[in-house]
Amino acid sequence: MKLKSRQQENSEQTRLALLEAGQYLFVNQCYYDVSIDEISRYARVTKGAFYHHFSNKKPF
Numbered sequence: 003m004k005l006k007s008r009q010q011e012n013s014e015q016t017r018l019a020l021l022e023a024g025q026y027l028f029v030n031q032c033y034y035d036v037s038i039d040e041i042s043r044y045a046r047v048t049k050g051a052f053y054h055h056f057s058n059k060k061p062f
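First residue of the sequence shown: 3, per this note's numbering; consecutive thereafter.
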């Protein structure tokens, strides 16, 4: 079984944090009212980290 590197684990945690933030925000606000800045801020990651994992908010 191949072990994941710390970088891979951190990347997965960041992606999961973004997905959870998006899910929470979209439940409480209209999809179109939620910005990428807001998702990133709620997930406590940079906007660059958002764009590393997603090209826009459509995957949410």
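Note that CB positions come from ideal geometry on N, CA and C, so glycine has one too.
Pairwise C-alpha distance: residue j and residue i
{"i": "F47", "j": "L27", "result": "Looking at the sequence itself, residue 47 is Val, so the reference to Phe does not match. In a straight line, the C-alpha of V47 is about 15 Å away from that of L27."}
{"i": "R17", "j": "F52", "result": "8 Å"}
{"i": "E22", "j": "Q10", "result": "18 Å"}
{"i": "S37", "j": "Y44", "result": "11 Å"}
{"i": "F56", "j": "L5", "result": "25 Å"}
{"i": "D39", "j": "K49", "result": "6 Å"}
Nearest to residue i (by Cα), restricted to the options the options
{"i": "H54", "options": "V29, C32, E14 and E40", "result": "E14"}
{"i": "A19", "options": "Y34, P61, S7 and I41", "result": "I41"}
{"i": "P61", "options": "Q25, L5 and R8", "result": "Q25"}
{"i": "Y34", "options": "N12, K59 and G50", "result": "K59"}
Problem set entry | Every unbroken alpha helix (DSSP H) within the stretch 5 to 59, with a cutoff of 4 residues, ordered by chain | Whole alpha helix (DSSP H) segments, 4+ residues: 8 to 30, 38 to 45 and 49 to 55.
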